[in-house]
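Residue numbers (numbering that gives the first Met the number 0): 0 to 489.
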Amino acid sequence: MAKVLTSRKENYAQWYNDLVLKAGLAENSAVRGCMVIKPYGYAIWEKIQAQLDRMFKETGHENAYFPLFIPKSFFSKEADHVEGFAKECAVVTHYRLKNDEKGGVIVDPDAKLEEELIVRPTSETIIWNTYKNWIQSYRDLPILINQWANVVRWEMRTRLFLRTAEFLWQEGHTAHATRAEAIAETKQMIDVYATFAREHMAMPVIQGHKTENERFAGALDTLSIEAMMQDGKALQSGTSHFLGQNFAKAFDVKFADKTGKLEHVWATSWGVSTRLMGALIMAHSDDNGLVLPPKLAPIEVVIVPIYRNDEQYDTVCEKGEEIRKALLKKGISVKFDKRDTQKPGWKFAEYELKGVPLRLALGMRDIENGTIEVARRDTLTKEVMPMEGIEDVVDKLLVEIQDEIYNKALKFREDNIHYVDTWDEFVDTLENKGGFIMAHWDGTSETEQEIQTKTKASIRCIPFDNPQEEGKCVLTGKPSKERVIFAKAY
RNA sequence: CGGGGUGUAGCACAGUCCGGUUAGUGUACCUGCUUUGGGAGCAGGGGGUCGCAGGUUCGAAUCCUGCCACCCCGACCA
Numbered sequence: 000m001a002k003v004l005t006s007r008k009e010n011y012a013q014w015y016n017d018l019v020l021k022a023g024l025a026e027n028s029a030v031r032g033c034m035v036i037k038p039y040g041y042a043i044w045e046k047i048q049a050q051l052d053r054m055f056k057e058t059g060h061e062n063a064y065f066p067l068f069i070p071k072s073f074f075s076k077e078a079d080h081v082e083g084f085a086k087e088c089a090v091v092t093h094y095r096l097k098n099d100e101k102g103g104v105i106v107d108p109d110a111k112l113e114e115e116l117i118v119r120p121t122s123e124t125i126i127w128n129t130y131k132n133w134i135q136s137y138r139d140l141p142i143l144i145n146q147w148a149n150v151v152r153w154e155m156r157t158r159l160f161l162r163t164a165e166f167l168w169q170e171g172h173t174a175h176a177t178r179a180e181a182i183a184e185t186k187q188m189i190d191v192y193a194t195f196a197r198e199h200m201a202m203p204v205i206q207g208h209k210t211e212n213e214r215f216a217g218a219l220d221t222l223s224i225e226a227m228m229q230d231g232k233a234l235q236s237g238t239s240h241f242l243g244q245n246f247a248k249a250f251d252v253k254f255a256d257k258t259g260k261l262e263h264v265w266a267t268s269w270g271v272s273t274r275l276m277g278a279l280i281m282a283h284s285d286d287n288g289l290v291l292p293p294k295l296a297p298i299e300v301v302i303v304p305i306y307r308n309d310e311q312y313d314t315v316c317e318k319g320e321e322i323r324k325a326l327l328k329k330g331i332s333v334k335f336d337k338r339d340t341q342k343p344g345w346k347f348a349e350y351e352l353k354g355v356p357l358r359l360a361l362g363m364r365d366i367e368n369g370t371i372e373v374a375r376r377d378t379l380t381k382e383v384m385p386m387e388g389i390e391d392v393v394d395k396l397l398v399e400i401q402d403e404i405y406n407k408a409l410k411f412r413e414d415n416i417h418y419v420d421t422w423d424e425f426v427d428t429l430e431n432k433g434g435f436i437m438a439h440w441d442g443t444s445e446t447e448q449e450i451q452t453k454t455k456a457s458i459r460c461i462p463f464d465n466p467q468e469e470g471k472c473v474l475t476g477k478p479s480k481e482r483v484i485f486a487k488a489y
């Protein structure tokens with residue numbers, strides 16, 4: 000087969016880029032750092048969205064929409080928050096263009112805005128400014144809102160899906176009467192993300208707390224799910240923040256409790272983005288292209304007809320159409336690729352590149368024998384099976400594939416988690432093995448930063464339910480009570 | 001913002017050093033015939049302001065000046 004992708008071994012970053020382009024997921028646009036998400040990539044995102052949206056609603060959340068633009072002054076209200084985002088904000092300064100004498104257009108200098116508008120990098124400020132008007136009493140709480148939106152962060156260096164200047168995401172913003180309730184919400188949502196990653200993306204994740212260094216700007220605690228990619232690097236795939244009363248204080252949002260006393264509201268925010276597309280790609284795909292878990296595949300099964308002439312084409316198509324209907328009846332998304340503009344071999348390669356979990360090939364040989372060829376994308380195996388009842392077989396196979404992809408990813412991760420106790424071991428493991436390193440750390444930001452400067456590895460998270468044990472910090476030798484996860488990250 | 005590099009057909013590139021037929025190759029595209037169980041073969045065809053603007057020259061993709069864009073490395077990045 001013609002090689003269209005750089006192999007993972009040869010150059011992992013290039014492989015990723017090739018795959019995104021060749022599988023028709025996204026491409027770079029005319030705007031620096033911004034991507035065009037193509038129909039096939041967007042279809043996967045829609046499946047991600049649909050499932051998450053269901054899960055948010057099941058946990059009591061509602062969708063709403065807030066403005067793209069945020070008055071500049073809002074950003075000065077929460078000191079840590081502006082510190083975290085100021086350097087990467089797009090700013091709108093004018094509201095009109097005019098014709099230039101030379102034939103082009105220029106910004107009309109007379110149309111300068113009194114107060115500049117910031118294109119949202121995240122919506123905490125505009126939302127808390129709004130919540131101020133919505134909350135007076137404990138009876139108005141909790142507020143459980145999610146929004147699906149685009150945000151802009153002017154990143155210096157971008158990569159398709161993993162880091163783009165504009166990206167799509169959802170951001171949940173909740174308001175609560177008590178600290179405990181907000182903390183419970185923060186935890187609940189990181190659990191939702193972990194469940195989604197595991198059950199739908201077939202991607203195992205580790206949940207934990209971020210260290211102070213890695214915490215969201217303005218949060219008291221940040222929880223994350225961390226996944227391991229096939230090159231051993233970590234990808235932060237979702238975060239849930241306990242914001243304490245920081246934003247309530249910044250925007251003066253108070254409520255009267257049952258005794259009539261005024262208190263600041265407790266907040267959380269949580270989000271996942273189109274970065275999940277990058278996670279999905281890097282978690283499962285191989286040198287032949289994308290490998291999609293059936294639950295997120297826009298097409299679960301493709302049927303390819305094989306024929307030599309018009310008469311055979313008609314015969315094969317008739318049978319193929321029957322199979323298509325039988326699969327549809329089972330609720331399976333199926334494409335019957337009847338195009339006679341492409342050859343079977345071309346189609347095989349194409350659907351492999353696009354990660355369609357199952358492929359059925361149907362030719363005259365099968366019609367005579369009452370069989371059909373079933374090919375699995377994840378294992379690249381082919382088997383000739385009886386045509387009768389194929390829809391049940393496919394149904395079962397899709398479940399099996401979903402499980403096996405997960406197990407494969409889980410095994411890979413387990414094989415690449417290393418426990419180390421000395422600095423030499425730490426450096427050696429990071430350089431020669433990669434993956435996640437479980438090591439003791441003295442709990443200080445200084446040590447974390449020094450390790451990052453020396454090795455480029457950062458603390459991904461402090462896992463929940465982490466076993467407590469006596470140990471010594473891998474760098475400073477100071478006492479430590481638990482191991483944390485170090486890794487190089489995207 | 002520092003260092004390096006690249007702009008030539010939809011895409012990938014050669015040609016530039018050393019100026020000189022009608023600017024070329026692969027791929028993709030179109031037409032026809034033969035093919036079709038793993039990205040088919042042959043024949044024919046269409047497609048170019050050579051990044052932009054000046055300059056040198058009888059003559060510029062090629063030399064000179066300026067500008068623009070993009071890429072890589074670094075800095076930056078919850």
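Where a beta carbon is used, it is the ideal one built from N, C-alpha and C, also for glycine. All values derive from a computational prediction rather than experimental measurement.
Exercise. Go through its chain and collect everything with a Cβ distance to Glu387's Cβ below 8 Å, but skip five positions before and after it.
Key: Closer than 8 Å at the Cβ level, and outside the excluded window around Glu387, lie Gly369.
Quiz item: Are Lys500 and Gln401 close, meaning C-beta to C-beta below 7 Å?
Solution: No answer is possible for residue 500: the residues shown for the chain start at 0 and end at 489.
Quiz prompt | Nearest to Gly476 (by Cα), restricted to the options Tyr489, Gln451 and Trp440 | solution = That would be Trp440, whose Cα lies nearest to the Cα of Gly476.
Quiz item: Counting pairs of beta carbons, one from the region 15–35 and one from the region 260–268, are three or more of them closer than 8 Å?
Solution: Three or more Cβ pairs closer than 8 Å define a contact, and the region 15–35 falls short of that threshold against the region 260–268.
Practice problem: Compare the beta carbon distance of Ala176 and Tyr130 with 7 Å and say whether it is the shorter of the two. | Solution: Annotated as distal: Ala176 and Tyr130, with beta-carbon spacing of 7 Å or more.
Exercise. Kindly give me the distance between the Cβ atoms of Val392 and Val300, rounded to whole angstroms, as I take these residues to be in contact under 8 Å.
Key: About 11 Å separates the beta carbons of Val392 and Val300, which is beyond the 8 Å limit, so they are not a contact pair.
Quiz prompt | According to DSSP, residues forming a beta bridge with Pro304 | solution = Assignment of beta-bridge partners to Pro304 by DSSP yields Leu361.
Exercise. On the DSSP bridge assignment, give the partners of Gly288 in chain order.
Key: DSSP output for Gly288 lists Asp285 as bridge partner(s).
Exercise. Name, in chain order, the residues that DSSP records as bridge partners for Ala174.
Key: Beta-bridge pairing links Ala174 to Ile142 and Ala266.
Quiz prompt | Endpoints, alpha helix (DSSP H) assigned at Glu403 | solution = Start and end: Ile389 to Asp414.
Quiz item: How would you label Ile134, buried or exposed, when you count the other beta carbons within 10 angstroms and need 16 or more for buried?
Solution: Ile134 is buried by the Cβ-count criterion.
Quiz item: By Cβ distance, which residues of its chain are closer than 8 Å to Gln187, with the 5 residues on each side in sequence left out?
Solution: Cβ within range, chain order: Thr58.
Exercise. Label Ser75 either buried or exposed according to how many other C-beta atoms from any shown protein chain fall within 10 Å of its C-beta, with 16 as the threshold for buried.
Key: Of the residues assessed, Ser75 falls on the exposed side of the cut-off, its CB having fewer than 16 other CB atoms within 10 angstroms.
Self-check item: Cβ pair count under 8 Å reaching 3, the region 343–352 against the region 314–330
Solution: The answer is no - the region 314–330 does not touch the region 343–352, with fewer than three Cβ pairs under 8 Å.
Quiz item: Can you tell me where the alpha helix (DSSP H) with Val19 in it begins and where it stops?
Solution: Run containing Val19: Tyr11 to Lys21, per the alpha helix (DSSP H) assignment.
Quiz item: From what residue to what residue does the beta strand (DSSP E) around Val91 run?
Solution: Taken as a continuous stretch (DSSP letters only), the beta strand (DSSP E) holding Val91 covers Val90 to His93.
Quiz item: Count the other CB atoms within 10 Å of the CB of Ser479; is the residue buried (16 or more) or exposed (fewer)?
Solution: Taking all protein chains shown into account, Ser479 has 16 or more neighbouring C-beta atoms within 10 Å of its C-beta and is therefore buried.
Quiz item: If we count the other Cβ atoms within 10 Å of its Cβ and call it buried at 16 or more, is Gly277 buried or exposed?
Solution: Note on Gly277: 16 or more other CB atoms within 10 angstroms of its CB, so buried under the neighbour-count rule.
Quiz item: Sorted by chain position, which residues of the same chain lie with C-beta nearer than 8 Å to Ala148's C-beta, five sequence neighbours on each side aside?
Solution: The answer, listed in chain order, is Tyr64, Phe65, Leu67, Arg119, Ser122, Leu167, Trp168, Gln169 and Glu170.
Quiz item: Apart from the five residues just before and just after Trp153, which ones in its own chain have a Cβ nearer than 7 Å to its Cβ?
Solution: Excluding sequence neighbours, Trp153 sits near Glu87, Cys88, Ala89 and Ala164.
Quiz prompt | C-alpha distance - Cys460 paired with Glu77, whole-angstrom precision | solution = Separation of Cys460 and Glu77 (C-alpha to C-alpha, rounded to the nearest whole angstrom) is 25 Å.
Quiz prompt | Met235, DSSP secondary structure in three states | solution = Correcting the residue type first, residue 235 is Gln in the shown sequence and not Met. Three-state DSSP puts Gln235 in a strand.
Quiz item: Who are the near neighbours of Lys455 in its chain, counting only those whose CB is closer than 6 Å to its CB and skipping five residues on each side?
Solution: Only Lys487 meet the Cβ criterion.
Exercise. Kindly indicate which three-state DSSP category Ala216 falls into: helix, strand or coil?
Key: Judged by DSSP in its simplified three-state form, Ala216 adopts coil rather than helix or strand.
Quiz item: What separation, rounded to the nearest whole angstrom, lies between the Cα atoms of Glu211 and Leu242?
Solution: Using only the alpha carbons, I get a separation of about 13 Å.
Exercise. Mark Lys333 as exposed unless 16 or more other C-beta atoms lie within 10 angstroms of its C-beta, in which case mark it buried.
Key: It should be noted that the sequence gives Val, not Lys, for residue 333. Buried, by the Cβ-count rule.
Self-check item: Coarse secondary structure for Pro462, derived from DSSP in three states
Solution: Pro462 falls in the strand class under three-state DSSP.
Quiz item: Thr239 and Trp265 look like a contact to me (Cβ under 8 Å); what is the Cβ gap, rounded to whole Å?
Solution: Residue identity check: residue 239 is Ser in the sequence provided, not Thr. With 8 Å as the limit, Ser239 and Trp265 do not qualify as a contact, their Cβ atoms being about 14 Å apart.
Quiz item: Measuring CB to CB, does Val483 end up less than 7 Å from Ile450?
Solution: Against a cut-off of 7 Å, the Cβ pair of Ile450 and Val483 comes out as no contact.
Self-check item: Gln341 - DSSP class collapsed to helix/strand/coil
Solution: Shown here, Gln341 sits in coil according to DSSP, grouped into three states, outside any helix or strand.
Quiz item: Does DSSP classify Ile189 as helix, strand or coil?
Solution: Helix at Ile189.
Exercise. Just tell me which of Glu180, Ala255 and Thr92 has its CA closest to the CA of Asp139.
Key: The option with the nearest alpha carbon to Asp139 is Ala255.
Quiz item: Which two residues bound the contiguous alpha helix (DSSP H) that contains Phe55?
Solution: Start and end: Pro38 to Glu57.
Quiz prompt | Own chain partners of Met0 with C-beta closer than 7 Å, once the 5 adjacent residues on each side are dropped | solution = Per-residue confidence for Met0 stands at a pLDDT of 40, beneath the threshold of 50, marking its modelled position as unreliable; the derived number appears in the next sentence. The residues are Ala348.
Quiz prompt | Helix, strand or coil at Arg162 [DSSP, three-state] | solution = Three-state DSSP puts Arg162 in a strand.
Self-check item: Spatial neighbours of Asp339 in its chain, beta-carbon cut-off 8 Å, leaving aside the 5 residues before and after
Solution: Within the same chain, Tyr312 come within 8 Å of Asp339 by CB-CB distance, once the 5 residues on both sides are set aside.
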